[in-house]
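These protein sequences, in sequence, are chains C and L.
Using the numbering used here, read the first sequence as starting at 8 and increasing by one per residue.
Using the numbering used here, read the second sequence as starting at 77 and increasing by one per residue.
C-beta: ideal position from N, C-alpha, C; glycine also.
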Amino acid sequence: MASIEQIRKDFPVLDQQVNGSPLIYFDNAATTQKPKLVLDALNKYYSEDNANIHRGIHALAERATAAFELTRKKIQLFLHAASSDQIIFTSGTTASINLVAQTFGRANFEAGDKILVSNLEHHSNIVPWQMIALEKGAEVLVIPVLDSGVLDLDAYQKLLQENTVKLVAVNHVSNAIGTINPIQEMIALAHAHGAKILIDGAQSVAHMEMDVQRFDMDFFAFSAHKLFGPTGVGVLYGKRDLLESMPPYQGGGEMIKEVSFTGTTYNELPYKFEAGTPNIADVIAFSASFDYLNSLEKGWVEEQENALLSYATEQLSQIEGLKIIGTAPNKIAVISFLIEGTHPQDIGVLLDKFGIAIRTGHHCAQPLMQRFDIPGTCRASFSFYNTKEEIDRFVACLKRVVTMLL
Amino acid sequence: MALSINDTQEELIEEFGLFDDWADKYEYLIDLGKKLPGLSDEFKTEENVIKGCQSRVWLHAFMQDGKLIFQADSEAVIVKGLISMLIRVLSGHSPADIMKADLYFIDRIGMSQHLAQTRSNGLLSMVKQMKNYALAYSSQA
Numbered sequence: 008m009a010s011i012e013q014i015r016k017d018f019p020v021l022d023q024q025v026n027g028s029p030l031i032y033f034d035n036a037a038t039t040q041k042p043k044l045v046l047d048a049l050n051k052y053y054s055e056d057n058a059n060i061h062r063g064i065h066a067l068a069e070r071a072t073a074a075f076e077l078t079r080k081k082i083q084l085f086l087h088a089a090s091s092d093q094i095i096f097t098s099g100t101t102a103s104i105n106l107v108a109q110t111f112g113r114a115n116f117e118a119g120d121k122i123l124v125s126n127l128e129h130h131s132n133i134v135p136w137q138m139i140a141l142e143k144g145a146e147v148l149v150i151p152v153l154d155s156g157v158l159d160l161d162a163y164q165k166l167l168q169e170n171t172v173k174l175v176a177v178n179h180v181s182n183a184i185g186t187i188n189p190i191q192e193m194i195a196l197a198h199a200h201g202a203k204i205l206i207d208g209a210q211s212v213a214h215m216e217m218d219v220q221r222f223d224m225d226f227f228a229f230s231a232h233k234l235f236g237p238t239g240v241g242v243l244y245g246k247r248d249l250l251e252s253m254p255p256y257q258g259g260g261e262m263i264k265e266v267s268f269t270g271t272t273y274n275e276l277p278y279k280f281e282a283g284t285p286n287i288a289d290v291i292a293f294s295a296s297f298d299y300l301n302s303l304e305k306g307w308v309e310e311q312e313n314a315l316l317s318y319a320t321e322q323l324s325q326i327e328g329l330k331i332i333g334t335a336p337n338k339i340a341v342i343s344f345l346i347e348g349t350h351p352q353d354i355g356v357l358l359d360k361f362g363i364a365i366r367t368g369h370h371c372a373q374p375l376m377q378r379f380d381i382p383g384t385c386r387a388s389f390s391f392y393n394t395k396e397e398i399d400r401f402v403a404c405l406k407r408v409v410t411m412l413l
Numbered sequence: 077m078a079l080s081i082n083d084t085q086e087e088l089i090e091e092f093g094l095f096d097d098w099a100d101k102y103e104y105l106i107d108l109g110k111k112l113p114g115l116s117d118e119f120k121t122e123e124n125v126i127k128g129c130q131s132r133v134w135l136h137a138f139m140q141d142g143k144l145i146f147q148a149d150s151e152a153v154i155v156k157g158l159i160s161m162l163i164r165v166l167s168g169h170s171p172a173d174i175m176k177a178d179l180y181f182i183d184r185i186g187m188s189q190h191l192a193q194t195r196s197n198g199l200l201s202m203v204k205q206m207k208n209y210a211l212a213y214s215s216q217a
């Protein structure tokens with residue numbers, strides 16, 4: 008197993024000075040950094056293989072097509088999906104959710120139907136449902152969150168009881184406060200009441216193992232850029248019968264079988280949902296994310312991140328007036344906090360001066376901020392390439408920043 | 077005779093010239109923020125909120141003897157410090173002078189990073205909103 012110093016060298020961006028100090032990157036929930044393997048793959052594709060895929064018969068088109076489809080295969084293995092044609096490429100988690108809302112939702116929602124989202128959701132797992140609900144006369148209801156940041160499962164069961172819920176849309180992990188939701192239980196409950204369920208995996212994929220079949224997921228969405236891959240690539244996994252019964256989303260090339268002015272027939276899965284030239288280069292480079300992750304010792308990522316989370320929680324708790332928002336027993340390495348008498352934005356601006364990147368604000372989860380009656384939080388989110396030494400410097404700088412502000 | 081807009085800008089540049097490092101500069105800015113009187117609740121209305129800020133910023137403007145007066149408040153103290161400087165430079169001048177003011181001091185005191193769109197602290201929006209008020213009141217001056 009490589010040392011942490013060696014692992015850090017795999018991520019070129021980490022080795023730089025920001026405002027005269029070594030960069031400390033604690034904004035991994037927003038996007039993760041990319042290993043050199045991914046950067047090289049991106050460069051190699053454009054330098055050696057660039058071609059449009061699927062229809063060309065020349066050598067470059069064949070190489071590009073093979074590489075593109077290989078990524079799909081690796082995602083299938085990563086998610087433990089039954090088949091690679093249940094892996095649909097989109098531009099990101101947001102696009103994947105919108106796809107389900109505009110196809111499954113459009114075909115299945117009727118007036119009076121209920122759609123459940125949780126109070127922990129990112130706006131991208133709220134707004135697409137509000138839009139289709141408005142159009143269909145359906146209603147979006149909210150699974151409440153307890154003070155600890157844990158979802159209220161009793162309330163969830165009550166909401167399901169009347170069997171009027173068509174779809175539940177929840178995140179696996181909260182982006183704003185790090186809560187890991189009990190999705191296995193939530194999926195079983197949804198199914199017991201005749202509802203389908205979509206899991207937003209944007210924040211979980213980088214931190215834990217996935218198994219869409221064992222969890223019996225109907226839909227699972229995530230983004231490559233939060234899994235050490237390029238931006239602009241997202242994935243939608245769906246159960247085969249659902250994907251097959253859903254109407255196409257966007258029309259165009261690739262998604263058709265035959266086109267005529269008297270009628271058009273559509274392509275098979277997954278191409279039915281992949282109109283137009285896809286983001287070939289970034290999909291191909293994303294393949295290297297899996298190679299990189301597979302090169303790490305099994306279980307090490309979770310172990311390293313859990314160690315960082317407990318160390319940072321312990322260190323931060325010693326700062327006077329600091330309150331952690333979200334204290335669920337099951338959390339990923341994300342700490343959202345507020346410090347009495349200070350505004351998150353001021354903390355963020357000053358930490359940046361020390362070369363420390365955290366996120367401040369509402370984290371695209373305004374309903375959750377409203378629930379806790381706070382303007383936003385400071386959020387430090389860790390990845391396996393972060394270190395305890397970075398946490399030490401972060402805590403020391405944070406103390407200095409608080410002294411400056413108070 | 078009150079200082080002209082540019083006289084005040086020069087004054088600020090001189091004050092900030094005293095600091096060697098960023099920490100001193102920001103401590104001064106924070107101090108300015110704390111000293112800004114702020115707004116009473118009746119002016120902290122939805123209409124007075126400046127959009128595009130990560131923290132809430134309220135700007136209230138009114139005419140007095142042909143001069144445009146600004147008062148403002150924010151939840152974040154650095155933002156309050158920034159707006160306090162804008163008020164010091166612009167408030168109490170005629171709408172015409174405010175409209176044509178070139179706010180070069182922001183760059184000269186090393187705060188131009190706060191003008192960037194990505195900062196979302198709204199310094200850019202504040203300047204724009206102050207100039208919008210000047211434009212709106214210029215017909216009444």
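Strand pairing of residue i, partner residues [DSSP]
i: arginine 386 of chain C; result: C:Ser343 and C:Arg366
i: asparagine 178 of chain C; result: C:Asp207
i: alanine 228 of chain C; result: C:Asp207 and C:Leu243
i: tryptophan 134 of chain L; result: L:Val125 and L:Asp149
i: aspartate 34 of chain C; result: C:Ser388
i: glycine 270 of chain C; result: C:Ser267
i: threonine 97 of chain C; result: C:Gly241
i: histidine 129 of chain C; result: None; histidine 129 of chain C has no bridge partner.
i: glutamine 24 of chain C; result: C:Pro29
i: threonine 186 of chain C; result: C:Lys338
i: leucine 44 of chain C; result: Answer by DSSP bridge pairing: none, since leucine 44 of chain C is not bridged.
i: histidine 169 of chain L; result: L:Leu144
Residue j beta carbon less than 9 Å from that of residue i
i: isoleucine 365 of chain C; j: isoleucine 381 of chain C; result: no
i: phenylalanine 227 of chain C; j: serine 296 of chain C; result: no
i: leucine 108 of chain L; j: glycine 157 of chain L; result: yes
i: phenylalanine 116 of chain C; j: isoleucine 94 of chain C; result: no
i: lysine 233 of chain C; j: leucine 166 of chain C; result: no
i: isoleucine 398 of chain C; j: tyrosine 318 of chain C; result: yes
i: leucine 405 of chain C; j: leucine 358 of chain C; result: yes
i: tryptophan 136 of chain C; j: leucine 174 of chain C; result: yes
i: proline 237 of chain C; j: valine 45 of chain C; result: yes
i: threonine 320 of chain C; j: isoleucine 331 of chain C; result: yes
i: asparagine 26 of chain C; j: phenylalanine 361 of chain C; result: yes
i: isoleucine 60 of chain C; j: alanine 48 of chain C; result: no
i: valine 155 of chain L; j: glutamine 352 of chain C; result: yes
i: isoleucine 363 of chain C; j: serine 155 of chain C; result: no
i: histidine 21 of chain L; j: alanine 148 of chain L; result: Outside the displayed range of chain L (77 to 217) lies residue 21 of chain L, so it cannot be described from this structure.
Straight-line gap, residue i to residue j (C-alpha atoms, nearest Å)
i: lysine 43 of chain C; j: glycine 99 of chain C; result: 22 Å
i: alanine 372 of chain C; j: serine 267 of chain C; result: 45 Å
i: isoleucine 150 of chain C; j: proline 171 of chain L; result: 52 Å
i: leucine 250 of chain C; j: leucine 276 of chain C; result: 8 Å
i: tyrosine 213 of chain L; j: glycine 142 of chain L; result: 9 Å
i: aspartate 173 of chain L; j: tyrosine 32 of chain C; result: 44 Å
i: lysine 80 of chain C; j: serine 91 of chain C; result: 6 Å
i: leucine 375 of chain C; j: leucine 127 of chain C; result: 6 Å
i: glutamine 220 of chain C; j: glutamine 322 of chain C; result: 39 Å
i: serine 211 of chain C; j: threonine 394 of chain C; result: 20 Å
i: aspartate 223 of chain C; j: threonine 101 of chain C; result: 22 Å
i: serine 324 of chain C; j: asparagine 182 of chain C; result: 21 Å
i: serine 103 of chain C; j: serine 160 of chain L; result: 45 Å
Residue i, DSSP secondary structure in three states
i: serine 90 of chain C; result: coil
i: aspartate 120 of chain C; result: coil
i: methionine 139 of chain L; result: strand
i: proline 277 of chain C; result: coil
i: glutamine 220 of chain C; result: coil
i: lysine 176 of chain L; result: helix
i: threonine 171 of chain C; result: coil
i: proline 29 of chain C; result: strand
i: lysine 330 of chain C; result: strand
i: leucine 315 of chain C; result: helix
i: leucine 196 of chain C; result: helix
i: isoleucine 64 of chain C; result: coil
i: valine 157 of chain C; result: coil
i: histidine 190 of chain L; result: helix
i: valine 147 of chain C; result: strand
i: valine 408 of chain C; result: helix
i: leucine 144 of chain L; result: strand
i: valine 212 of chain C; result: coil
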